[in-house]
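In what follows, a structure is listed as structure tokens, so that the remarks can point back to it.
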Amino acid sequence: MNRIESSAPPAVEEAETGAIAVSASPPAKPRLDADLPPPPLWLKRAAKWFRVGFGLFLFVSLLLGSMGCSRSNASTVPWQSATAIGLKHEFLTTIVTENSSFTQQETTAELKHLRVWRVPARGGRLLIFDFNDAGLCGAAGCLYLGYWQQGDQMQAVLNQYFDPALPPDKPLFEERQCDSDRPCLRVWQSEGDRLRSIDWAFDGSHYEIVESRLYELPPDD
């Protein structure tokens, strides 16, 4: 018969007489830090300022990241300065004052930020206005206006709040092909870990939603 050897540690051994012999405990390890000198004062100060500087770096990075997120995707649309494409100053002033509580001085300053996306179509063009101002953003998103331009005539066709914070590869607006003389739009919106596409079409007086779909975002690599 083969002999089976026990692999248990020799902490406790049984003598032939039946008594229990307890092995001696291993010697305590010496403290390695007992004789270490305290760090010099200059090193403590350097560590303190490093923590302060690193905290400021993180704060600025998060701030710039959030600003870029809110506007980077909307910038994939070919926005132009609304005051640089020949639109009447009175018209631009009117759409700002009718959709905000700005003073006259603030309205004048706001016109410098106002942007427009021109979508050509048969018989006219669709103008989408982006105020590009955090003061006109809220929990529902930022304000965007749409006007149908036909010669000197302007017709208000869209007044909605959209959230421009989207993944880098998704634009806020896309032009869609449809059976209409007026351009059709697709708007992308984030909903948690999913994306929603919302298709808008002209119904004869204004733009309305004709289709909405929800998509799962691909997992991160």
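For my numbering, add 6 to where a residue sits in the sequence shown, where the first one is 1.
Every residue, glycine too, gets a C-beta built ideally from N, C-alpha and C.
These numbers come from a predicted model, not from an experiment.
Item, Value
"Segment contact, 8 Å Cβ cut-off, at least three pairs: the stretch 138-146 with the stretch 177-196", "no"
"Same chain, Cβ closer than 6 Å to Glu180, five either side skipped, listed in chain order", "Arg192"
"8 Å Cβ cutoff met for Leu164 and Leu151", "yes"
"Residues that DSSP places opposite Trp154 in a beta bridge", "Leu132 and Gln161"
"Of the listed residues Thr109, Leu178 and Gln159, nearest to Gln166 (C-alpha basis)", "Leu178"
"Alpha-carbon to alpha-carbon, Ala53 and Glu217", "57 Å"
"Reduced DSSP secondary structure (H/G/I, E/B, other) of His145", "Reading off the sequence, residue 145 comes out as Ala, not His. Reduced to three states, the DSSP call for Ala145 is coil."
"Pro189 vs Ala88 beta-carbon contact at 8 Å", "no"
"Spatial neighbours of Gln86 in its chain, beta-carbon cut-off 8 Å, leaving aside the 5 residues before and after", "Arg121, Val122, Trp123 and Arg124"
"Contact test: Gln159 Cβ vs the ligand SAM heavy atom, cutoff 7 Å", "The model depicted lacks the ligand SAM and carries no ligand whatsoever."
"Where Arg192 sits in the DSSP three-state scheme", "strand"
"Proximal residues to Gln183 (C-beta, below 8 Å), its chain only, five neighbours per side dropped", "Cys190"
"Contacting residues, own chain, Cβ-Cβ under 7 Å from Asp187 (five flanking each side not counted)", "Ala127, Arg128 and Gly129"
"Beta-carbon proximity check, Thr113 vs Thr99, cutoff 8 Å", "yes"
"Trp154 to Ala162 span [Cα, whole Å]", "6 Å"
"Where the alpha helix (DSSP H) through Ile101 begins and ends", "His95 to Glu104"
"Chain-order list of residues whose beta-carbon lies under 6 Å from that of Ala146 (same chain, five-residue window excluded)", "Tyr167"
"Where Gln183 sits in the DSSP three-state scheme", "coil"
"Which listed residue (Leu142, Cys148 and Val102) has its alpha carbon closest to that of Ala171", "Cys148"
"N- and C-terminal bounds of the beta strand (DSSP E) containing Ala88", "Looking at the DSSP string, Ala88 is not in any beta strand (DSSP E), and its letter there is neither H nor E."
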